[in-house]
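Numbering (this note's numbering), first residue to last: 455 to 1108.
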């Protein structure tokens, strides 16, 4: 009680603005205590009430302090705008949260939304505020206000102002061109935003009539709620448009803010109509504490507003991934042939890589031209309809997860069995692709080496370069770590591919290429249409191949500049380099332990490339389809059961 006595003695209604607010902050610190017990905090509130009740002079000072507070601090921003971005833009909200984390707030403010986080900065505050009971709130009301009826009317005016401001924000956001043009104009709710101001004005007029008409108030409230529902239906039609025409984080952020403001409006309306204003105020304050905590998290902001984009990227990857899954012997043989074609092209990639390294450029330019060689080779593989094995998992994982959409339905057993079948098909496809790449890249590199020796009289690479290759690929070094990191890079390239394709669709670039007068004037209508269709079909592959190529070439150069020297180990490229080293060293290579340690690393590099990229892509796809942890455990158990009963199905088509 000693601290409380000092606090009450320091209460001064005539103090400066900042000092009055600092006193309030310290009072809440005392109530909060060590945050060990909610009941202890509630007991301290009761102790505060009883201490003030015993001293009439103190109660008078407290009422004067409270009157000064409510006259100088504007509570409307706290009720209407607290927790929302001031400019309804994702980037500006991200910057605002960073500012709040890095820069301290000041109690010298007349804005309740700025003072509030300083007074109640922890989640514990929401717990003890919610635990206060109606008798305690009645006592506090009497202690704080000399005229409760007048303060109740002030509270109602503040709530109505907050509803008015919130409605204005809803209407302004609904009229934003990027949202309005995406609404379904055929919907009867398309013009619901127009009438919101009239509904709010009618509600205000009826509520504050000297002789309130209960029936008229009920009708005004019903009309306003129905209008908000109609606006919500209009907003829902935007999501259908986004499903077909692409998603942006900024768009999702605006929609989430709009829907949250509609919920806030309903919350304020409930508080306005509550027959117990003190309890309604208490409930609102507890919710604002939770809002304050949510608005601090940068990770939550990014996560909640990128979920739909991640889902769309996973969905677009799923469409591509279906082409990489073989389900019968004919498709298996076709995949094997495409993989062998990819391995043959990779032999040329290996040659280009060693040519760039042999020029002796600086680290950046060597990495840049190696990136160009990688990207060009990967695009050639794509255009020839060949296959590069390690690009498959990040595409096939979303296709696999898409099979689990109905795992919670009555047909979940059938769905799970079908999914396990798809797993066996996928593993066989991956084995075929890796085997085809590796099987073909070795003789192709040996053939290229033989041609070079015939023309130039020397092997593709020198003995020193060959020994360096063996040292870099040996299983005794960090090869497996780099192979796992390469799996992450492969996953990242697939996400870039999904994002670019979504961006292409979102901005209607296919339609622009087909119909833009400048394009048609140069290309002609038919050729412009063909280019549009070609780009739409291949944009994802181009983005994936180019991003993968440049990450393979530039990541070592950039990280080496900072002294980290991260390297990458791609199974097909590593096999090609190993074949070139063996060709350079000749039969001598077979007598070196380093050569066989490098050979032993190849299957493990392939497994890590495939496994890591598939793992990350599959987790993202599971989150996009909201597959629960319990269902994930069922999936693992079903796959293990199939492995124990029919292991050969994972490698050989039936």
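Quick reminder that beta carbons are idealized off the backbone N, C-alpha and C, glycines included. As the structure is a computational prediction, the values presented were derived from the model and not from experiment.
Is the stretch 1040-1054 close to the stretch 923-938, with three or more CB pairs under 8 Å? In this structure the stretch 1040-1054 lies against the stretch 923-938, because at least three pairs of beta carbons, one per stretch, are closer than 8 Å.
Host alpha helix (DSSP H) of residue 1030 (start-end): According to the DSSP assignment, residue 1030 belongs to the alpha helix (DSSP H) that extends over 1025-1039.
Given a threshold of 16 other Cβ atoms within 10 Å of its Cβ, counted over all protein chains shown, does residue 819 qualify as buried or as exposed? With fewer than 16 Cβ atoms within 10 Å of its Cβ, residue 819 is classed as exposed.
Rounded to a whole number of angstroms, what is the C-alpha to C-alpha distance between residue 1042 and residue 1048? One C-alpha to the other measures close to 11 Å.
Where do the ends of the alpha helix (DSSP H) carrying residue 780 lie? Looking at the DSSP string, residue 780 is not in any alpha helix (DSSP H), and its letter there is neither H nor E.
Other residues of its chain near residue 503: CB distance less than 8 Å, five sequence neighbours each side excluded: Apart from sequence neighbours up to five positions away, the residues of its chain that approach residue 503 with a beta-carbon distance below 8 Å are 590, 593, 594 and 597, ordered along the chain.
Nearest residue (CA-CA) to residue 1088, options 678, 870 and 582: The shortest Cα separation from residue 1088 among 678, 870 and 582 belongs to 870.
Nearest CA to the CA of residue 738: which residue from 794, 580 and 669? Scanning 794, 580 and 669 for the CA closest to the CA of residue 738 turns up 580.
So, residue 576 versus residue 480, is the Cβ gap smaller than 9 Å? Judged by their CB atoms, residue 576 and residue 480 are not nearer to each other than the 9 Å cut-off.
Own chain partners of residue 1112 with C-beta closer than 8 Å, once the 5 adjacent residues on each side are dropped: An answer regarding residue 1112 cannot be provided, because it is not within the stretch 455 to 1108 covered by the chain.
N-terminal and C-terminal residue of the alpha helix (DSSP H) that residue 1096 is part of: Counting along the chain, the unbroken alpha helix (DSSP H) around residue 1096 starts and ends at 1083-1099.
For residue 720, tell me which candidate among 1083, 554, 614 and 1033 has the shortest Cα-Cα distance. Shortest Cα-Cα distance from residue 720 to any of 1083, 554, 614 and 1033 involves 614.
Just mark residue 792 as buried or exposed, buried being the case when its beta carbon has 16 or more other beta carbons within 10 Å. Residue 792 comes out buried.
Please state whether DSSP places residue 667 in a helix, a strand or coil. DSSP, read as helix, strand or coil, puts residue 667 in coil.
Tell me the DSSP secondary structure of residue 455 in three-state form. With a pLDDT of only 45 at residue 455, under 50, the local geometry of the prediction cannot be trusted, and no value is derived from it.
For residue 719, the three-state DSSP class (helix, strand or coil): Residue state, collapsed to three classes: helix.
For residue 615, write down the residues that DSSP places opposite it in a beta bridge. Residue 615 is not bridged to any residue.
What residues in its chain sit with their C-beta under 6 Å from that of residue 460, if we drop five residues either side in the sequence? Setting aside the 5 residues that flank it on each side, residue 460 has no residue in the same chain whose C-beta is closer than 6 Å to its C-beta.
In angstroms with no decimal places, state the Cα-to-Cα distance between residue 586 and residue 732. When rounded, the distance between both Cα atoms is 11 Å.
9 Å Cβ cutoff met for residue 914 and residue 1037: Residue 914 places its beta carbon less than 9 Å from that of residue 1037.
Inter-residue spacing [alpha-carbon to alpha-carbon] between residue 1092 and residue 1100: Their Cα atoms are separated by approximately 12 Å.
If we ignore side chains and look at the alpha-carbon of each, how far apart do residue 876 and residue 1084 end up? Going from the Cα of residue 876 to the Cα of residue 1084 covers about 20 Å.
According to DSSP, residues forming a beta bridge with residue 653: According to the DSSP secondary-structure assignment, residue 653 is paired through a beta bridge with no residue.
Residues in its own chain within less than 6 Å of residue 726 by CB, not counting five upstream and five downstream? 613.
If residue 842 sits next to residue 796, beta carbons under 8 Å apart, how far is it from one beta carbon to the other, in whole angstroms? Confirmed, Cβ separation roughly 5 Å.
Determine, using beta carbons only, whether residue 715 and residue 623 come nearer to each other than 9 Å. The Cβ-Cβ distance between residue 715 and residue 623 falls below 9 Å.
Does any heavy atom of the ligand ZN sit closer than 8 Å to the C-beta of residue 1101? In terms of ligand content, the structure shown is empty, and the ligand ZN therefore cannot be addressed.
Please classify residue 1095 as buried or exposed, where buried requires at least 16 neighbouring CB atoms within 10 angstroms. It counts as exposed.
In chain order, what residues of the same chain have a beta carbon less than 8 Å from the beta carbon of residue 500, not counting five sequence neighbours either side? 590.
If we ignore side chains and look at the alpha-carbon of each, how far apart do residue 643 and residue 1098 end up? Rounded to whole angstroms, residue 643 to residue 1098 spans 56 Å at the Cα level.
Could you compute how far the alpha carbon of residue 455 sits from the alpha carbon of residue 495? A caution first: residue 455 carries a pLDDT of 45, below 50, which makes its placement in the model unreliable, though a value can still be read off. When rounded, the separation of the alpha-carbon atoms in residue 455 and residue 495 is 13 Å.
Residue ranges of each alpha helix (DSSP H) within the stretch 900-941, 4 or longer: Counting only runs of 4 or more, we get 917-927.
Is the distance from the Cβ of residue 1030 to the Cβ of residue 801 below 9 Å? Against a cut-off of 9 Å, the Cβ pair of residue 801 and residue 1030 comes out as a contact.
Which of helix, strand or coil DSSP assigns to residue 579: In the structure shown, residue 579 adopts helical secondary structure according to DSSP, grouped into three states.
With DSSP run on the structure shown, which of helix, strand or coil describes residue 535? Here residue 535 sits in coil by DSSP.
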